[in-house]
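Undergrad: To start, I am sharing the structure in question, which I have written as structure tokens.
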Amino acid sequence: TRCQSTSIEKPKTKRNLLDNASNLLTNLLSGGILETMPVADGAVSDLFGRPLFFSLYDWFLEHGSVYKLAFGPKSFVVVSDPIVARHILRENAFSYDKGVLAEILEPIMGKGLIPADIETWKMRRKVITPGFHSLFLEAMVKIFTNCSERTILKFDKLIEREGHGEKSIELDLEAEFSSLALDIIGLGVFNYDFGSVTKESPVIKAVYGTLFEAEHRATFYIPYWKLPFARWIVPRQRKFHNDLKVINDCLDGLIKNAKETRQEADVENLQQRDYSSLKDVSILRFLVDMRGADVDDRQLRDDLMTMLIAGHETTAAVLTWAAFLLAQNPSKMRKAQAEVDSVLGQEKMTLACLKRLDYIRLIIVEALRLYPQPPLLIRRALKPDKLPGGYKGDENGYKIPAGTDIFLSVYNLHRSPHFWDRPNEFEPERFLVPKKSEDIEGWAGFDPDRSAGAMYPNEIIADFAFLPFGGGPRKCVGDQFALLESTVALAMLLQKYDIELKGSPDDVEPVTGATIHTKNGLWCKLKRRTLQQV
Ligand code: HEM
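Laid out in structure tokens, this is it:
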């Protein structure tokens, strides 16, 4: 059944006196009024025993689509409701900033788009968005194809060397996708070839070191890095600052080079949107050429660093979970391969082919539905606000004081039994089927036609119950880059290989930092498809 809201109990309220008192105080101080938001009392063990987003899901089923989560003195409002999500992300977007997330990311990304304050964001978003326009992205397809080809070549060589006569190889696909995504983001964003599919380098190590630290900070709730002298005393902090320096030096060199090699002929081609003769189709080239050599270097570096971090692990994770889901659904894998065979045969990927890979595209978005990256969006109210009454929350909505920290659980929205049939099943076809929606006041329902014209289903089809790239003004700027890249990589992999899990699916334990990844890798057996099949 489409909507099981009746089977889920009305939100319960679990308040204790202390909580009431502190709430009253906060509300009085902020000029708000005391509300009746349900409260989930988190145990500290909930933070460490398993990924937080799993606990948030259980509490969502128990307490409803808007609840307060209290960990000792710290509390968050957890939102799993499309109407409230739409309010926070789109309708009242500028009353919120990135709160805790900005605190974590600012030392790494500076004033890059993700942590940027609203004023900086307004200025930079205008400059960066044109770098992702569709024609320019289409010119990048050859980067996606070349990098994927390198990965396939590596697998073929491994099979030759270590396959012992068998046409298969066992490997950790998550690690391979991570290298592939790093190479693509390096070339696509600043025309730098990490070459990480085939080698290790100090810059690659520094990127992973930085990601590791960002992730650690995201899961550690005490900002230890802010302690005085931490960067000199704590060895991990020293390493982190060294890693940052390695990457920043590399980026500074690339920016300098891009400015020095700015060619009027290229600029003209860019202005006329003729990208066929460009050797370097990177965002950096675009930004430097279109804005002249006077772009502020520090800001540019922050932007590049942000895109490097935002675009690497997220894309690797989508490919990882798509492979995981396909390996457990051989009939869907065969259906995907049949499409690849009929569109590509044994030929190389082209833009025209890419546009015809309808089923592969749905697999990518369905992987993003089941494993959204990141599983939570984080916001902090800059001023008092009133959250609208959700689809079954308090009809009057909830007033929240300035400073309220919000976790918008995309994972909960994407697996909500209120909005999805069989929410935990892998069904890429679901995005094609129009559904009669139960009348939920204020929610437009699910309609695939609403994203007609777009190549991939987006947040509009389910009116914010589907948020693969967020929504509103701070929606991901690299969404189409990531989708095209993932479609190319997955199609090229399926063109050549069958994917089997090495162990049981239960051995693949999800863990989370900024993205959902696996604890010990996605160990798979890749089997070369036979010529007759291809
Ligand atoms: C923002 C997801 C790939 C650059 C976001 C947001 C999400 C997201 C959910 C919104 C965050 C929020 O509202 O708090 C993803 C996923 C990706 C992906 C799932 C891969 C499948 C990329 C790529 C790039 C990129 C490839 C760049 C090349 C950014 C930037 C922002 C952003 C700069 C901040 C936008 C702003 O605040 O204006 N991403 N992203 N992302 N993403 Fe992505």
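Note that our numbering has the sequence shown beginning at 23, numbered continuously upward. Cβ atoms here follow ideal geometry from the backbone N, Cα and C, with glycine treated the same way.
1) Between Pro445 and ligand 1, is there a pair consisting of the residue's CB and a ligand heavy atom that are separated by less than 7 Å?
2) What separation, rounded to the nearest whole angstrom, lies between the Cα atoms of His263 and Leu322?
3) Checking the sheet assignment: what are the DSSP bridge partners for Pro532?
4) Note down the Cα distance separating Ala476 from Phe453, rounded to an integer number of angstroms.
5) What number of angstroms, rounded off, separates the C-alpha of Glu361 from the C-alpha of Leu384?
6) Can you grab the Cα-Cα spacing for the pair Thr151 / Gly493, in whole Å?
7) Can you name the start and end residues of the beta strand (DSSP E) that Leu435 belongs to?
8) Have a look at Gln554 and Cys546 and give me their C-alpha separation to the nearest angstrom.
9) Using the beta-carbon count (16 or more within 10 Å), is Gly121 buried or exposed?
10) Taking Cβ to Cβ, would you say Leu300 is nearer than 8 Å to Ala280?
11) Beta carbon of Asp265, beta carbon of Ala228: below 8 Å?
12) Just verifying my parser: in three-state terms, what is the DSSP assignment at Arg295?
13) Where Arg147 and Ser353 are concerned, what is the direct C-alpha to C-alpha distance, given to the nearest angstrom?
14) Let me know the secondary structure DSSP gives Ile482 once reduced to three states.
15) Where does Trp545 sit, in a helix, a strand or coil, going by DSSP?
16) Quick check on the burial criterion: 16 or more other C-beta atoms within 10 angstroms. Buried or exposed for His155?
17) Considering Cα atoms alone, identify which of Leu204, Gly231, Phe76 is closest to Lys221.
18) Taking the C-alpha atoms as reference points, what is the distance between Gly187 and Leu548?
19) With the cut-off set at 8 Å, would you say Leu506 and Leu159 are in Cβ contact?
20) Check this for me: beta carbons of Leu348 and Met355, under 8 Å apart or not?
21) From what residue to what residue does the beta strand (DSSP E) around Lys96 run?
22) Using DSSP's beta-bridge definition, name the partner residues of Lys421.
23) Quick check: what's the CA-CA separation for Pro396 versus Arg496?
24) Verify the CB distance criterion: does Ala374 have a CB-CB separation below 8 Å to chain C?
25) Nearest by alpha-carbon distance to Lys189: which of Gly543, Asn542, Ile521, Pro527 is it?
26) Please indicate yes or no: does the CB of Phe503 lie closer than 7 Å to some heavy atom of ligand 1?
27) First and last residue of the alpha helix (DSSP H) that includes Val340?
28) So, at 7 Å on beta carbons, what are the nonlocal neighbours of Gly411 in its own chain, with the 5 sequence-adjacent residues on each side left out?
29) Determine the contact status of Val101 and Ala107, defining contact as a CB-CB distance below 8 Å.
30) Which residue spans inside the segment 177-242 form an unbroken beta strand (DSSP E) run of at least 3?
31) Check whether the segment 132-146 touches the segment 436-447, counting contact only when three or more Cβ pairs, one atom from each stretch, lie closer than 8 Å.
32) Can you name, in chain order, every residue of its own chain whose Cβ lies under 7 Å from the Cβ of Leu195, other than the five neighbours on each side?
33) Work out the CA separation of Asp529 and Arg437 for me, nearest whole Å.
34) Quick check: is any heavy atom of ligand 1 less than 7 Å from the C-beta of Val122?
35) Within 10 Å of its beta-carbon, does Ala536 have 16 or more other beta-carbons around it, so buried, or fewer, so exposed?
TA: Let's see:
1) As a working mapping, residue 445 is identified with position 423 in the sequence shown. For ligand 1, not one heavy atom lies less than 7 Å from the Cβ of Pro445.
2) Translated into the one-based positions of the sequence shown, residue 263 becomes position 241. Translated into the one-based positions of the sequence shown, residue 322 becomes position 300. Straight-line Cα distance between these residues: approximately 19 Å.
3) Taking the first residue of the sequence shown as position 1, residue 532 is located at position 510. The partner list for Pro532 (beta bridge, DSSP) reads Thr540.
4) Position 454 of the sequence shown, counted from the first residue, corresponds to residue 476. Position 431 of the sequence shown, counted from the first residue, corresponds to residue 453. If you take the alpha carbons of Ala476 and Phe453, they lie about 13 Å apart.
5) Taking the first residue of the sequence shown as position 1, residue 361 is located at position 339. Taking the first residue of the sequence shown as position 1, residue 384 is located at position 362. Each residue's alpha carbon lies about 12 Å from the other.
6) By one-based count along the sequence shown, residue 151 stands at place 129. By one-based count along the sequence shown, residue 493 stands at place 471. Rounded to whole angstroms, Thr151 to Gly493 spans 15 Å at the Cα level.
7) Sequence index remark: in the sequence shown, residue 435 carries index 413 (1-based). Element bounds for Leu435: not the beta strand (DSSP E) but the alpha helix (DSSP H), 432-436.
8) The count along the sequence shown starts at 1 and reaches residue 554 at position 532. The count along the sequence shown starts at 1 and reaches residue 546 at position 524. Reliability of the predicted coordinates at Gln554 is poor, the pLDDT of 48 falling under 50, and the value obtained from them is presented with this limitation in mind. Those two C-alpha atoms are separated by around 23 Å.
9) Here residue 121 is taken as the residue at index 99 of the sequence shown, counted from 1. Buried is the call here.
10) Mapped onto the sequence shown, residue 300 falls at position 278. Mapped onto the sequence shown, residue 280 falls at position 258. Cβ atoms of Leu300 and Ala280: not closer than 8 Å.
11) Here the question's residue 265 lines up with position 243 in the sequence shown. Here the question's residue 228 lines up with position 206 in the sequence shown. Result yes, Cβ atoms of Asp265 and Ala228 sit closer than 8 Å.
12) Working through the sequence shown from its first residue, we reach residue 295 at position 273. Looking at Arg295 - three-state DSSP - the assignment turns out to be coil, as it is neither helix nor strand.
13) The residue given as residue 147 occupies position 125 in the sequence shown. The residue given as residue 353 occupies position 331 in the sequence shown. Distance between the alpha carbons of Arg147 and Ser353: 42 Å.
14) The residue given as residue 482 occupies position 460 in the sequence shown. Secondary structure at Ile482: coil, using DSSP grouped into helix, strand and coil.
15) Taking the first residue of the sequence shown as 1, we reach residue 545 at position 523. Strand.
16) As a position in the sequence shown, residue 155 is number 133, starting the count at 1. So His155 counts as exposed.
17) On the sequence shown, position 199 is the one that residue 221 refers to. Answer by Cα proximity: Leu204.
18) If you number the sequence shown from 1, residue 187 lands on position 165. If you number the sequence shown from 1, residue 548 lands on position 526. C-alpha separation (whole angstroms): 14 Å.
19) Residue 506 sits at position 484 when you count from the first residue of the sequence shown. Residue 159 sits at position 137 when you count from the first residue of the sequence shown. Yes. Within cutoff.
20) Position 326 of the sequence shown, counted from the start, is the residue given in the question as residue 348. Position 333 of the sequence shown, counted from the start, is the residue given in the question as residue 355. Contact flag set, yes.
21) Sequence index remark: in the sequence shown, residue 96 carries index 74 (1-based). Per DSSP, Lys96 is one residue of the beta strand (DSSP E) stretching across 96-101.
22) Your numbering for residue 421 matches position 399 in the sequence shown. Answer is Lys408, bridged to Lys421.
23) Here residue 396 is taken as the residue at index 374 of the sequence shown, counted from 1. Here residue 496 is taken as the residue at index 474 of the sequence shown, counted from 1. Distance between the alpha carbons of Pro396 and Arg496: 14 Å.
24) Within the model displayed, chain C is absent; a lone protein chain is all it includes.
25) Against the sequence shown, residue 189 aligns to sequence position 167. Considering only alpha carbons, the answer is Ile521.
26) Taking the first residue of the sequence shown as position 1, residue 503 is located at position 481. Because some heavy atom of ligand 1 lies under 7 Å away, the Cβ of Phe503 counts as near it: yes.
27) Indexing the sequence shown from 1 puts residue 340 at position 318. From DSSP, the alpha helix (DSSP H) with Val340 extends over 319-350.
28) Residue 411 sits at position 389 when you count from the first residue of the sequence shown. Cβ within range, chain order: Glu417, Asn418, Gly419.
29) Against the sequence shown, residue 101 aligns to sequence position 79. Against the sequence shown, residue 107 aligns to sequence position 85. Cβ distance < 8 Å, so Val101 and Ala107 count as in contact.
30) 190-194
31) Judged by pairs of C-beta atoms under 8 Å, the segment 132-146 does not touch the segment 436-447, as fewer than three such pairs exist.
32) The sequence position of residue 195 within the sequence shown is 173, counting from 1. Thr342, Ala345, Leu544, Cys546, listed in sequence order.
33) Your numbering for residue 437 matches position 415 in the sequence shown. Your numbering for residue 529 matches position 507 in the sequence shown. Here the C-alpha atom of Arg437 lies approximately 22 Å from the C-alpha atom of Asp529.
34) As a working mapping, residue 122 is identified with position 100 in the sequence shown. False, no ligand heavy atom lies under 7 Å from that Cβ.
35) In the sequence shown, counting from the first residue as 1, residue 536 sits at position 514. By the 10 Å Cβ count, Ala536 comes out buried.
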